[in-house]
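There are 2 protein chains.
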Amino acid sequence: MDAAFAIPTEARETATSLPMAKDLSHHLNRLTRNRQASSLKELYKYMSYPGMITMAGGIPHPQVFPFETLSASILPVDAFPLDPPRIPAKPKKSLMSWLFPTSQNSSFTIPKYASDPKNPATIQLSTSLQYQAATGPLALPLFLREYVAKVYKPAYADWDVLINVGATDGWAKICSLFLEFGDAILVEEWTYPGAENTFLPYEAERVAIKMDAQGLLPDHLESVLSGWDEEKRGKRRPRVLYTIPTGQNPTGATMMAERKKQIYDIYIIICEDEPYYCLGATYEKSIVAQRLEDAEKEEGAEGNEAFIKALPPSFLAFDTDGRTFSKTSAPGSRLGWITTSPLFIERLTRATEASTQAPSGFATALTTTMLQQWGFEGYIRWLRGIKATYKMRKTWLCDSLADEFDLEFDTHSALFPEKSRTITGYAKRASSAWDEKRGLKGPALITFIPPTEAVGSACGRLGEFFEPGDSADIQVLFAPGWGFDAGGDHAIGGNGFGYYRLAFSIATYEETRSAMKTFSKVLTKFFRL
Amino acid sequence: MDAAFAIPTEARETATSLPMAKDLSHHLNRLTRNRQASSLKELYKYMSYPGMITMAGGIPHPQVFPFETLSASILPVDAFPLDPPRIPAKPKKSLMSWLFPTSQNSSFTIPKYASDPKNPATIQLSTSLQYQAATGPLALPLFLREYVAKVYKPAYADWDVLINVGATDGWAKICSLFLEFGDAILVEEWTYPGAENTFLPYEAERVAIKMDAQGLLPDHLESVLSGWDEEKRGKRRPRVLYTIPTGQNPTGATMMAERKKQIYDIYIIICEDEPYYCLGATYEKSIVAQRLEDAEKEEGAEGNEAFIKALPPSFLAFDTDGRTFSKTSAPGSRLGWITTSPLFIERLTRATEASTQAPSGFATALTTTMLQQWGFEGYIRWLRGIKATYKMRKTWLCDSLADEFDLEFDTHSALFPEKSRTITGYAKRASSAWDEKRGLKGPALITFIPPTEAVGSACGRLGEFFEPGDSADIQVLFAPGWGFDAGGDHAIGGNGFGYYRLAFSIATYEETRSAMKTFSKVLTKFFRL
Numbered sequence: 001m002d003a004a005f006a007i008p009t010e011a012r013e014t015a016t017s018l019p020m021a022k023d024l025s026h027h028l029n030r031l032t033r034n035r036q037a038s039s040l041k042e043l044y045k046y047m048s049y050p051g052m053i054t055m056a057g058g059i060p061h062p063q064v065f066p067f068e069t070l071s072a073s074i075l076p077v078d079a080f081p082l083d084p085p086r087i088p089a090k091p092k093k094s095l096m097s098w099l100f101p102t103s104q105n106s107s108f109t110i111p112k113y114a115s116d117p118k119n120p121a122t123i124q125l126s127t128s129l130q131y132q133a134a135t136g137p138l139a140l141p142l143f144l145r146e147y148v149a150k151v152y153k154p155a156y157a158d159w160d161v162l163i164n165v166g167a168t169d170g171w172a173k174i175c176s177l178f179l180e181f182g183d184a185i186l187v188e189e190w191t192y193p194g195a196e197n198t199f200l201p202y203e204a205e206r207v208a209i210k211m212d213a214q215g216l217l218p219d220h221l222e223s224v225l226s227g228w229d230e231e232k233r234g235k236r237r238p239r240v241l242y243t244i245p246t247g248q249n250p251t252g253a254t255m256m257a258e259r260k261k262q263i264y265d266i267y268i269i270i271c272e273d274e275p276y277y278c279l280g281a282t283y284e285k286s287i288v289a290q291r292l293e294d295a296e297k298e299e300g301a302e303g304n305e306a307f308i309k310a311l312p313p314s315f316l317a318f319d320t321d322g323r324t325f326s327k328t329s330a331p332g333s334r335l336g337w338i339t340t341s342p343l344f345i346e347r348l349t350r351a352t353e354a355s356t357q358a359p360s361g362f363a364t365a366l367t368t369t370m371l372q373q374w375g376f377e378g379y380i381r382w383l384r385g386i387k388a389t390y391k392m393r394k395t396w397l398c399d400s401l402a403d404e405f406d407l408e409f410d411t412h413s414a415l416f417p418e419k420s421r422t423i424t425g426y427a428k429r430a431s432s433a434w435d436e437k438r439g440l441k442g443p444a445l446i447t448f449i450p451p452t453e454a455v456g457s458a459c460g461r462l463g464e465f466f467e468p469g470d471s472a473d474i475q476v477l478f479a480p481g482w483g484f485d486a487g488g489d490h491a492i493g494g495n496g497f498g499y500y501r502l503a504f505s506i507a508t509y510e511e512t513r514s515a516m517k518t519f520s521k522v523l524t525k526f527f528r529l
Numbered sequence: 001m002d003a004a005f006a007i008p009t010e011a012r013e014t015a016t017s018l019p020m021a022k023d024l025s026h027h028l029n030r031l032t033r034n035r036q037a038s039s040l041k042e043l044y045k046y047m048s049y050p051g052m053i054t055m056a057g058g059i060p061h062p063q064v065f066p067f068e069t070l071s072a073s074i075l076p077v078d079a080f081p082l083d084p085p086r087i088p089a090k091p092k093k094s095l096m097s098w099l100f101p102t103s104q105n106s107s108f109t110i111p112k113y114a115s116d117p118k119n120p121a122t123i124q125l126s127t128s129l130q131y132q133a134a135t136g137p138l139a140l141p142l143f144l145r146e147y148v149a150k151v152y153k154p155a156y157a158d159w160d161v162l163i164n165v166g167a168t169d170g171w172a173k174i175c176s177l178f179l180e181f182g183d184a185i186l187v188e189e190w191t192y193p194g195a196e197n198t199f200l201p202y203e204a205e206r207v208a209i210k211m212d213a214q215g216l217l218p219d220h221l222e223s224v225l226s227g228w229d230e231e232k233r234g235k236r237r238p239r240v241l242y243t244i245p246t247g248q249n250p251t252g253a254t255m256m257a258e259r260k261k262q263i264y265d266i267y268i269i270i271c272e273d274e275p276y277y278c279l280g281a282t283y284e285k286s287i288v289a290q291r292l293e294d295a296e297k298e299e300g301a302e303g304n305e306a307f308i309k310a311l312p313p314s315f316l317a318f319d320t321d322g323r324t325f326s327k328t329s330a331p332g333s334r335l336g337w338i339t340t341s342p343l344f345i346e347r348l349t350r351a352t353e354a355s356t357q358a359p360s361g362f363a364t365a366l367t368t369t370m371l372q373q374w375g376f377e378g379y380i381r382w383l384r385g386i387k388a389t390y391k392m393r394k395t396w397l398c399d400s401l402a403d404e405f406d407l408e409f410d411t412h413s414a415l416f417p418e419k420s421r422t423i424t425g426y427a428k429r430a431s432s433a434w435d436e437k438r439g440l441k442g443p444a445l446i447t448f449i450p451p452t453e454a455v456g457s458a459c460g461r462l463g464e465f466f467e468p469g470d471s472a473d474i475q476v477l478f479a480p481g482w483g484f485d486a487g488g489d490h491a492i493g494g495n496g497f498g499y500y501r502l503a504f505s506i507a508t509y510e511e512t513r514s515a516m517k518t519f520s521k522v523l524t525k526f527f528r529l
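Protein chains in written order, with full-length UniProt numbering: chain A, 1 to 529; chain B, 1 to 529.
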């Protein structure tokens, strides 16, 4: 452990009753152990001396930055209602038809030179558009630390955040921290191909862990690891798990507290990919959950509190030895962050200095100013609106399916033999009313896991011979299941053929209804019903 | 060469008389050869079918992007004069004191939904803040291709550009394209430590090539490569050269056409790091150069033409087989691009998909809209203003040195025995007027290469025992030479101790004068004169 590994002693309030992160430096790969801080870094301390004239840094003068001010018009935090109607009131073409009529956009302007440049919360273009430390402007981590502390509630004291240029970049940096050529890596049996594209070039062997509707099965994970014979396999035991705990991509599975606890107890580095963490549903149906769901529909501080309370604990909340990463990102702006132990933060900072450096100053300046204008409570209200919007869209899809198929809730399903329910859809025969007594009516056309709000998708089975080519002909496009195959034995979903991921996040109400009508027609025709 | 290596057949006008790029795929490393396109990529073609309802992509609806509009106030293209006065007319504190009084800022607003979304030049937030292809929005490459074609004039037909999140990111991606652990890499004997931080963790052996005031010495490069014994060295012959041809960091050396031609003729992959390409001076003093310099001071199309004509040819202009990269970046916005052959563009695109993805939509939207508003000619005028500003700042530094030291132009210097001139400074004795006949007056206090406008720095020798600690005490900060040492034998600069890089890009006129006054006092005291 050389000097470059030293942890910056930046003052930050931490809950001193919590344990510190454990030293996991033995898991770092050769590339990462080799990283050094810049040889000129020691100059930085002289730069802030009062009266110092610096001719040390070859950096442009802010006067030559062409941008004098940046302004943005942003939606109000309550732009999206907490309890939108089941069917859009006036199904207009306008995308804003369910906005509160009283909602007003607000705006802000970022100057080149702010009046208070010494304040760490200050955002000004002369700083944001200048070269910056890889850790970015102080103002954004300031906000994120409050957000992580209050929402993710890490269970160890010395965690920190490091901003990055989005979830894929964060994951690429994590892979470059641990992976050696030929390593094995643990993934869910169906997983996000974008994440695989990052580690597969390392000739990484995917070790697929079986799932149910709550995601990873701890028993299978345990048996894979305990049965790992390094000599026989010709490679070391996998040390990294890539998982999407909330609204898993593609299955839509969401892990609850108990499941996370079971997985956490198995000794591995858990990398949580959590873009949807705050947008997920409370899956467990209980009186407490129902009360929280009702409370979430109310405006104000109590509603905000209910929203946070309803979140399942993050892996960070179990983490007493810093074995986890969590990340999220603002949509499309290529800005996200990693929360982890000081050791990994420091090594990731070195990797960031040698690659992306700080995220774009345009992205950090605009996003931070917006967050500051909204404040913590405002941002929580914003997230609640988005969550309610996804819930509304999920309802559009489920209602459309119910109108086009006769649905039955299965207690014993081939897809999920235990622990969770699936829904099977049959061809509509006479009436569209639900009739519990009608029983089986011909072959099952579709089977699916009830989607959560989060994932923006439902993953279902359409029948083994329904090929994607057909779906293009009929002007509705689903993502084929085989594209998400992690290459192992499957507990669910067979070989992926005949399985599709349906995303409800982008289609309009009319499009969703029209798509499900077409879907039902094509299936009925295919099965010659 | 599998299907993933196929080159996209996107229509682009190319000069058909030029040769095509040579296939250099045998230089790609193991990681890069392993990269595959996303398994779901074939779905993209269905998405643009007329009437297609897509439920394939799990992407958020633009309605939930909080940004409704972005606006910017930008400087006019002629904000900086082409021939500023030698001494600022009114040395005010205001940073804008030499702006044309008639110059006016302009502004633009980017809407969430533009009226012409099908036009490839359209920028709208619903697209910019959405997930994008790794190649980014169409509009920016459209502008860059025109710019590269007209300014860099590549000498092969099928070059293309790929945007990235800044020069360090571009260089990191290039390293990850070619380097295996333990490879040797060619660098200038003094080089940019930020670039080294990217390749040193690969346990890369730096092979330092000797320099003069025009940069790399082709003879030394040639002899290193021809004398490379793979068996004896225990590693393969280096295949990649990292070079900063214009305003070399830290020496300030700028390569002219003849030198580039000599280096190009040696068979290696040349990675040009060219942030200053358009801001460099025409070094060679000739009647033609003088005429161009005069013409550059004039406004209008002829001045723009003279500016482009005065640029030394890029390595791209010699490149008949695609062995080069060129890159540049907009200051601080973390946005740059690589120009190279279709093969490398394709592999770099795969690497980008698995790491950074497209640069931030905030950066591309704002930068592209600004460039579109300025147009090609306007952007050239903007660059000319920046170039004139750096020249003005260089003059501040040189005039300050001339006022504090007695300077002599050396024809035979230990620093640069041939081909270039250095300047030696002696303690000022009686008068501040330049007197060619006064000859040697005590020990030489400083020696330096006349800086070019580009680099924003002069690299000089202060005497072997002048330590950086002293410079902090005296409130002037220079970058110490040893920080830039590439670890080989040196043609210039000894071991780097006593050598410093002085940057003229950020200090004000008053600060520059004050810094040189302090500098002279400290040296005089140190040498007990």
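Don't be surprised by glycine CBs; every beta carbon is placed ideally from N, CA and C.
Cβ proximity to chain B below 7 Å picks out Val-165, Gly-166, Thr-168, Asp-169, Ala-172 from the region 156-184 of chain A.
Judged by pairs of C-beta atoms under 8 Å, the region 298-307 of chain B does not touch the region 25-38 of chain A, as fewer than three such pairs exist.
Not flagged as an interface residue toward chain A: Val-522 of chain B, since no C-beta distance is shorter than 8 Å.
Taken through DSSP and simplified to helix, strand or coil, Leu-162 of chain A comes out as strand.
Considered as a whole, the region 229-303 of chain A harbours 230-233, 257-264, 287-295 as its complete alpha helix (DSSP H) runs of no fewer than 4 residues, in chain order. Inclusion of Phe-80 of chain A and Gly-385 of chain A in the CB contact set at 8 Å is warranted, their separation being smaller than that value.
Contact between Ser-39 of chain A and Gly-483 of chain B holds, since their C-beta atoms are separated by about 5 Å, short of 8 Å. The C-beta distance from Tyr-131 of chain B to Gly-332 of chain A rounds to 6 Å, short enough to meet the 8 Å contact threshold. Contact between Asp-273 of chain B and Ile-244 of chain B holds: CB atoms are separated by about 5 Å, below the 8 Å threshold. In chain B, no part has a C-beta under 7 Å from the C-beta of Pro-117 of chain A; the shortest such distance is about 14 Å. The C-alpha of Ala-89 of chain B is placed about 24 Å away from the C-alpha of Ser-126 of chain A. For the pair Tyr-500 of chain B and Pro-250 of chain B, the Cα-to-Cα distance works out to about 9 Å. Residue range 106-111 is occupied by the beta strand (DSSP E) that includes Ile-110 of chain A. Secondary structure in the region 335-369 of chain A: the beta strand (DSSP E) runs of 3 residues or longer, each lying completely within the stretch, are 335-340 in chain order. Counting along the chain, Thr-422 of chain A sits inside the beta strand (DSSP E) bounded by residues 422-427. Nearest CB-CB separation between Leu-502 of chain A and chain B: below the 8 Å threshold.
A contact is defined here as three or more CB-CB pairs under 8 Å, and the region 393-400 of chain B meets this definition with respect to the region 507-526 of chain B. Counting along the chain, no beta strand (DSSP E) covers Leu-217 of chain A, and no H or E run does either. At least one CB atom of chain A sits nearer than 8 Å to the CB of Met-370 of chain B.
In the structure shown, Thr-54 of chain A adopts extended strand secondary structure according to DSSP, grouped into three states.
Identification of residues in the region 31-46 of chain B having a C-beta nearer than 8 Å to some C-beta of chain A yields Leu-31, Thr-32, Asn-34, Arg-35, Gln-36, Ser-38, Ser-39, Leu-40, Leu-43, Tyr-46, given in sequence order.
Only buried fits Ser-360 of chain A, as 16 or more other CB atoms lie within 10 angstroms of its CB. The region 228-239 of chain A and the region 479-493 of chain A do not touch, with fewer than three beta-carbon pairs separated by less than 8 Å. Taking a beta-carbon distance threshold of 8 Å, Ala-72 of chain A counts as an interface residue toward chain B. Assignment of Asp-403 of chain B by DSSP, reduced to helix, strand and coil, places it in the helix class. With respect to the C-alpha of Ala-121 of chain B, the residue from B:Gly-234, B:Gln-372, B:Arg-145, B:Ala-479 having the closest C-alpha is B:Gln-372. Counting only runs of at least 4 residues, the region 141-225 of chain B fully encloses the following alpha helix (DSSP H) elements, listed from N- to C-terminal order: 167-178, 193-199. Going by C-alpha positions, Ile-74 of chain B is about 11 Å away from Pro-111 of chain A.
Per DSSP, Leu-523 of chain B lies in no beta strand (DSSP E) segment; the continuous alpha helix (DSSP H) that holds it begins and ends at 509-526. The criterion of a C-beta distance shorter than 8 Å is not satisfied by Ser-128 of chain A and Thr-389 of chain A.
Cα atoms of Lys-41 of chain B and Met-20 of chain A: separation of roughly 44 Å, rounded to the nearest angstrom. Residues of chain B whose Cβ lies closer than 8 Å to the Cβ of Glu-511 of chain A are, in chain order, Ile-53. Taking all protein chains in view, the Cβ of Ile-163 of chain A is crowded by 16 or more other Cβ atoms within 10 Å, so the residue is classified as buried.
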